[in-house]
Structures are given as C-alpha cells and as structure tokens.
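Have a look at the structure below before the remarks.
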Amino acid sequence: MADLKDITGFNVKSLTTDPLNGGGVAGGTWASGGTLNTARTGLQSGSEGASGAIVGGGYNASSSPSRVQSEQYNGTSWTETNNLNTSRMFGNGTGISTAAIIFGGDAGSISADTETWNGTSWTEVNNLNTARNQNAGVGTVPSALCIGGGNPGAVVNVESWNGTAWTETSTDLNTAKKYVVGTGTVTACIALGRPATTEQFNGSSWTEIAETNVEHGSGNGSGIVTDALVWGGDNPGYKADTEAWNGSAWTEVNNLATARAYLGGSGNSPSGGSNSLAFGGSTPSQTTATEEFIVGGVSDTIKSEGQIYYNSTDGTMNITSTVFGTGAWASGGNLNQARIEMAGGGSQTAGIIAGGDVPPDTANTELYNGSAWTEVANLNTARRLGMGAGSQTSFVCAGGYDGSGSPASETWDGSSWSEIEEMNTVRWAGGSAGADTESFIGFGGNPNTVACETWNGTAWTEVNNLNTARHALSGTGSITAAIGFGGTPPNTAKTELWNGTSWTEVNDLNTARTDIAGAGGSSTAALAFAGLEAPRSAKTETWNGTSWTEVNDLATAKASGAGQRGTSSSNTSTLFAGGKLPSGSPNYTNQTEEWTQAHAIKTIDLS
Numbered sequence: 002m003a004d005l006k007d008i009t010g011f012n013v014k015s016l017t018t019d020p021l022n023g024g025g026v027a028g029g030t031w032a033s034g035g036t037l038n039t040a041r042t043g044l045q046s047g048s049e050g051a052s053g054a055i056v057g058g059g060y061n062a063s064s065s066p067s068r069v070q071s072e073q074y075n076g077t078s079w080t081e082t083n084n085l086n087t088s089r090m091f092g093n094g095t096g097i098s099t100a101a102i103i104f105g106g107d108a109g110s111i112s113a114d115t116e117t118w119n120g121t122s123w124t125e126v127n128n129l130n131t132a133r134n135q136n137a138g139v140g141t142v143p144s145a146l147c148i149g150g151g152n153p154g155a156v157v158n159v160e161s162w163n164g165t166a167w168t169e170t171s172t173d174l175n176t177a178k179k180y181v182v183g184t185g186t187v188t189a190c191i192a193l194g195r196p197a198t199t200e201q202f203n204g205s206s207w208t209e210i211a212e213t214n215v216e217h218g219s220g221n222g223s224g225i226v227t228d229a230l231v232w233g234g235d236n237p238g239y240k241a242d243t244e245a246w247n248g249s250a251w252t253e254v255n256n257l258a259t260a261r262a263y264l265g266g267s268g269n270s271p272s273g274g275s276n277s278l279a280f281g282g283s284t285p286s287q288t289t290a291t292e293e294f295i296v297g298g299v300s301d302t303i304k305s306e307g308q309i310y311y312n313s314t315d316g317t318m319n320i321t322s323t324v325f326g327t328g329a330w331a332s333g334g335n336l337n338q339a340r341i342e343m344a345g346g347g348s349q350t351a352g353i354i355a356g357g358d359v360p361p362d363t364a365n366t367e368l369y370n371g372s373a374w375t376e377v378a379n380l381n382t383a384r385r386l387g388m389g390a391g392s393q394t395s396f397v398c399a400g401g402y403d404g405s406g407s408p409a410s411e412t413w414d415g416s417s418w419s420e421i422e423e424m425n426t427v428r429w430a431g432g433s434a435g436a437d438t439e440s441f442i443g444f445g446g447n448p449n450t451v452a453c454e455t456w457n458g459t460a461w462t463e464v465n466n467l468n469t470a471r472h473a474l475s476g477t478g479s480i481t482a483a484i485g486f487g488g489t490p491p492n493t494a495k496t497e498l499w500n501g502t503s504w505t506e507v508n509d510l511n512t513a514r515t516d517i518a519g520a521g522g523s524s525t526a527a528l529a530f531a532g533l534e535a536p537r538s539a540k541t542e543t544w545n546g547t548s549w550t551e552v553n554d555l556a557t558a559k560a561s562g563a564g565q566r567g568t569s570s571s572n573t574s575t576l577f578a579g580g581k582l583p584s585g586s587p588n589y590t591n592q593t594e595e596w597t598q599a600h601a602i603k604t605i606d607l608s
C-alpha cells in the first residue's frame with residue numbers, strides 16, 4: 002500500500018551546506034589569491050581584473066621603499082616590477098596591466114603627480130590641476146577620470162585625462178567626497194565615499210542614486226554602472242562587507258575573508274566571472290592578503306525563494322524567503338520641463354510621463370532611461386490631470402483637463418500617439434491602472450464621480466463603480482487587480498481594491514491626502530507617496546495586500562507630480578517626477594526622485 006508521503010508529499014533535499022544566495026554575483030564568494038610581496042596600505046592601482054593587475058606605492062610602517070615599489074599580478078602571483086618615480090601613498094589609478102595611470106596621493110604633502118605605466122616602466126607625465134589624495138580613478142588609458150578626493154577637505158572637482166594632459170571638467174560631483182571608490186568608464190561610472198552618498202555619471206552630469214547598505218569609503222570596487230561590486234572600508238571599524246549593484250539597487254553578498262580598508266582593487270563587470278580582485282590594505286596593520294571574487298555558477302544548490310531543505314551538518318530544517326531592506330529615495334535625472342499634473346507609467350529604468358501643466362497645459366512627452374529624461378513626440382491634445390497607465394512602449398492617457406473636462410483618449414506605441422475612442426464619462430484627476438494599450442482601467446475623477454471604465458484596445462466599457470466618489474486620487478495594478486487610494490473631497494485615506502468585477506473598501510492609508518501619487522505592479526504590492534495634506538507631503542507608505550506601513554519620506558515634500566501606474570511599475574523600484582513644491586515662485590519642479598528597496602533571499606531556520 003502506498004504511503005501518504007508518496008501520494009501527497011514531496012521530497013526534501015538533504016544538503017551538507019546552505020545553498021548559495023543565487024547564481025552570478027549574488028552567489029559569488031571571495032577566495033584567496035597570491036599574496037603581495039610587500040604588505041602595504043593606501044595603494045595606487047590600475048588593472049583589468051583578477052587575471053592582471055598593477056599596483057604602485059603605498060605605505061608599510063617598517064619598509065619606507067614600499068612607497069615606490071610596484072608589483073604586477075598574473076592571476077596567480079605578484080611579481081615586483083620597476084619602481085615608481087615618485088614615492089607616494091593614498092592616491093589612485095586606473096587602466097590595465099600593460100597601460101595604466103596613477104595620480105594624486107601623499108608624497109610628504111598632498112600631490113598632483115601623475116605617472117603612466119607601459120607594461121615595463123613608469124613615466125612621469127603632466128600633473129593634475131588640483132593636488133589631492135583619497136581620490137578615485139576610472140577609465141581605460143589613454144582616457145581616465147580623477148574623481149573627488151581630499152585637499153585636505155573633501156572636493157567636488159573631477160578632472161579628465163586625454164593621454165597627454167588633465168583638464169578640469171564642468172561636471173563636478175553633487176557632494177564633495179574623499180576616501181572615494183569609483184568604478185566604470187569615463188562616460189558611465191559610479192562614485193561613492195565619505196560622506197556616504199553614491200552618484201552615477203552619464204557622460205554629462207552626476208546624479209545621486211541609492212546609497213549602499215553600509216559606508217564603503219576607503220574601500221574599493223569594480224564593474225560597470227549596471228553591474229558593480231564594492232567592498233571593504235571603515236568608519237566605523239574595518240569592514241569585510243561586499244555589495245552588488247544591478248543598476249537600481251545594492252544587495253549585500255558574501256563578505257571578504259579579511260576585513261580591511263585603504264586597499265587596492267581591480268575588475269571590470271563582476272558578473273563576467275572571477276575578475277574582481279582585492280589586495281593589501283589595513284586590518285589595521287598592513288597586509289599582503291589578496292582575494293579573488295568568484296562568481297557563483299548555476300546548480301541545484303542555488304538558493305531560491307520558497308526552497309525547503311535539511312542541512313545535515315547543522316541538523317536544521319530550513320526555508321528560504323525574500324527579505325526586503327528599508328527603502329529610500331535618491332535623486333534622479335531632472336525632467337526637461339518642470340510641470341505638475343501629468344500622467345505617468347513604466348518602470349524606474351524605462352519611465353514615461355505625458356502632458357501636465359507648465360503652465361499652460363502641455364502636450365509634451367518624456368521618456369526616462371534610468372538616469373536621464375528625453376523629449377519625444379507630443380500628445381495630440383495638450384492636457385493636464387489625464388489618467389495614465391502602462392509601459393514605456395504601450396501606454397494609455399485618458400481624459401484630462403484642457404480648459405474644460407475632456408473625454409479624449411490617446412495611446413502611445415513607443416514612438417507616436419494615436420487618438421482612440423472617447424471615454425463614456427468626461428473626467429479628469431482620476432485613478433488608473435493597467436498593463437498596456439489593450440488593458441486599462443480608469444476610476445473616479447472630477448467632476449466628483451464614482452464612475453469606472455475599462456479599455457480593451459477597441460472600446461470603453463462602464464463597469465461597477467467605486468464605493469466612494471472622489472478625485473485627485475491615485476491607483477495602480479492591473480485591469481483585474483487594481484488598487485485606488487487617497488483623494489478628495491474631503492482629503493481622504495480611503496483605499497479600495499478592484500478584483501475585476503467590483504470594488505471593496507479595505508484598510509485606510511495612515512495619512513489622508515489628495516493630489517497623491519502611487520506605483521506598484523499589483524493590488525497586493527503598492528506604494529503611495531507625496532500629496533497635499535497641510536501643506537505638501539513627503540510621506541511614503543507601502544501596501545502589502547492588507548495594510549499600509551509608513552516608510553522613508555521623499556527628500557522634498559511635493560504634490561501633483563507623476564508616479565508610475567500599472568503593472569510595469571514596482572513598489573520596490575520606482576520614481577516620482579515633477580510636482581509642486583511647498584513655496585517659492587515658480588514652485589513647479591523638474592526634480593525626479595527614485596525609490597529603491599533592496600532585497601535578498603535569506604534562510605529561515607524552522608527547527
């Protein structure tokens with residue numbers, strides 16, 4: 002006779018160790034590499050990854066020649082090479098093992114000295130315009146950037162190397178930094194340091210992005226702007242922490258074996274394999290330790306959400322679950338046109354806004370690529386307070402106000418707008434949700450109404466009404482699972498869920514408000530932010546399908562800006578564009594703020 006387990010049960014794997022955090026960078030680990038010949042801290046380094054690195058100078062308390070000593074790594078061991086011309090420490094560099102450059106540092110005083118490496122020897126070349134130490138370097142020779150540093154206070158200055166000379170750029174950091182960690186190219190890089198702000202460069206301007214989970218000033222890093230790794234640092238204490246950046250959020254991954262600061266580092270894109278290297282530094286004593294970051298492979302022991310297993314070594318039963326960190330807002334790229342009351346959708350790295358009030362009412366449309374907005378083809382009808390939802394390539398803008406209420410509706414296909422059938426009910430400032438131009442729902446609006454309509458790509462259909470008439474509300478989700486919240490009159494905290502057939506009142510927002518914005522891909526995972534209470538609001542709340550929880554505020558209180566409605570958006574990664582500031586003239590803003598909530602798969606012991 003069959004056992005109950007054979008009929009209804011499932012197998013639980015017995016493993017000797019916990020699964021990896023995931024394939025690629027998430028499952029990566031640090032492994033020991035060949036040790037430096039001379040222990041040192043405050044090294045200048047330039048390299049191409051774990052298979053080749055060059056380091057010059059540094060500090061060793063018992064060996065003063067270390068400040069000119071140079072070593073090269075071949076993927077296995079370090080070999081001493083020709084020395085630097087100028088003794089120094091705490092500068093930085095970039096390049097590859099056969100063509101590198103180092104600059105700045107401390108040579109008894111803060112230095113502007115620059116030297117280049119040709120694979121055999123170092124040559125003194127033109128100095129930096131601004132002497133500095135604790136700076137960062139990015140690029141591949143003959144192109145390089147020197148970012149920030151100390152002189153002795155933190156500086157915002159960025160200089161560009163063209164193979165012959167340094168030029169001060171007009172693209173300073175937003176926040177002066179020293180102990181800077183930089184990674185990427187001269188037109189696309191990341192810089193972080195002390196103070197603990199993180200900025201991204203797109204070739205023309207610096208934009209603040211999500212901060213790391215811990216401060217990594219005086220640490221090091223590798224990678225590109227969509228795939229980076231940072232490690233080590235101090236303040237307070239020496240750190241082994243390592244974090245991975247995927248273009249939108251930082252995730253903590255496996256730590257260094259040796260906690261340290263003021264270390265050397267190298268590497269290109271960490272997801273490419275074993276091509277990130279950490280070496281030397283202070284522990285607090287100077288160390289020769291070298292570690293290589295080994296990217297995790299894909300196997301049946303890669304950790305995934307909902308995985309149940311028995312750890313035979315620990316004697317524990319475990320389940321894995323995605324655990325979210327504390328979300329935060331960071332500055333994004335500015336709109337080309339300051340405005341309020343526009344329709345918005347898409348995602349944090351592929352956003353869209355349309356229409357709004359400049360004043361006057363505008364037809365302007367802009368697309369966001371994760372760092373900058375670009376103006377594209379205009380709406381056919383200038384309007385504000387339109388309802389919008391969908392993706393950057395398939396978006397609906399319905400209704401609105403163009404001097405009077407308008408039922409006019411348009412769809413966007415990624416390159417142009419097309420007029421479609423008018424809505425059944427004239428309205429503006431309503432809530433909306435949907436996936437694309439064939440799946441959209443609009444609800445509420447002004448004149449104050451409970452009316453609700455869906456669009457299927459061909460026609461508008463009136464469906465069951467909201468329970469409470471209101472306008473200036475927000476919403477998100479899909480045509481079969483939407484959420485609507487906030488609005489007026491009077492300012493309300495009411496929240497309603499749509500199941501594809503009818504609306505149900507559920508738990509209220511913590512703060513009643515109107516002119517509110519929202520985001521989230523479903524009716525069980527939404528975000529509500531900004532709005533008008535008394536006065537403008539910076540409050541942010543997250544919805545888990547049952548209740549609202551207050552989380553970190555926007556950097557600037559505002560109302561009547563554009564969130565991202567529809568299934569393309571997320572309550573863990575979104576943006577808020579434009580809006581009306583509390584005071585000032587004019588008080589319409591072109592600011593963009595990006596919301597990021599880091600998350601990782603964690604193991605929970607069920608024993």
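According to the numbering used here, the sequence shown is numbered sequentially starting from 2. C-beta: ideal position from N, C-alpha, C; glycine also.
Proximity below 7 Å, CB of residue i to CB of residue j
i, j, result
"G138", "T95", "yes"
"E595", "Q338", "no"
"C147", "N136", "yes"
"L380", "E422", "no"
"E429", "G400", "The sequence as given places Trp at residue 429; Glu does not occur at that position. Cβ atoms of W429 and G400: closer than 7 Å."
"V671", "L368", "Past the edges of the chain, shown from 2 to 608, lies residue 671, and the structure says nothing about it."
"A529", "I517", "yes"
"A54", "A211", "no"
"L576", "G371", "no"
"D114", "T87", "yes"
"S440", "A483", "no"
"Y263", "S249", "no"
"T469", "T489", "no"
"S574", "T597", "yes"
"Y311", "S15", "yes"
"T502", "K540", "no"
"L607", "M424", "no"
With 16 other Cβ atoms within 10 Å as the buried cut-off, status of residue i
i, result
"G458", "exposed"
"K559", "buried"
"L257", "buried"
"L193", "buried"
"G415", "exposed"
"T462", "exposed"
"N508", "exposed"
"M2", "Any answer about M2 is weak, because its pLDDT of 49 lies below 50 and its placement is not dependable; what the coordinates show is given next. Classification for M2: exposed."
"I103", "buried"
"K304", "buried"
"L5", "Interpretation of L5 is limited by its pLDDT of 48, a score under 50 that renders its predicted location unreliable; the figure taken from the coordinates is listed afterwards. Exposed, by the Cβ-count rule."
Which listed residue (the options) has its alpha carbon closest to that of residue i
i, options, result
"N255", "G443, S479 and L21", "L21"
"V156", "A166, T172 and A145", "T172"
"A40", "T188, G435, Q287 and V507", "Q287"
"S270", "V231, S419, N75 and S440", "V231"
"G532", "T543, K581, T568 and P491", "K581"
"E169", "G194, N128, G185 and G154", "N128"
"N214", "W246, V187, D228 and Y239", "W246"
"G567", "A344, P143, G222 and V126", "A344"
"T289", "R68, T42 and V552", "T42"
"T208", "G29, L174 and G185", "L174"
"S569", "G352, D242, G120 and V56", "G352"
"W31", "A241, P536 and F396", "A241"
"T590", "F396, G357, A520 and T481", "G357"
"F294", "T227, R261 and S223", "S223"
"T604", "T366, V187 and T323", "T323"
Boundaries of the beta strand (DSSP E) in which residue i is found, first to last residue
i, result
"Y311", "I309 to N312"
"D437", "G432 to D437"
"L498", "T496 to W499"
"V254", "W251 to V254"
"Q73", "S71 to Y74"
"T363", "Unbroken run through T363: none, as it is neither H nor E."
"R195", "C190 to R195"
"D228", "D228 to W232"
Identity of the residues DSSP links to residue i by a beta bridge
i, result
"Y239", "Looking at the DSSP assignment, Y239 forms no beta bridge with any residue, so it has no partner."
"A477", "Residue identity check: residue 477 is Thr in the sequence provided, not Ala. In DSSP, T477 forms a bridge with I484."
"T302", "According to DSSP, which records beta bridges pairwise, T302 is partnered with nothing at all."
"G443", "S433 and E454"
"L146", "V139 and S161"
"Q598", "Answer by DSSP bridge pairing: none, since Q598 is not bridged."
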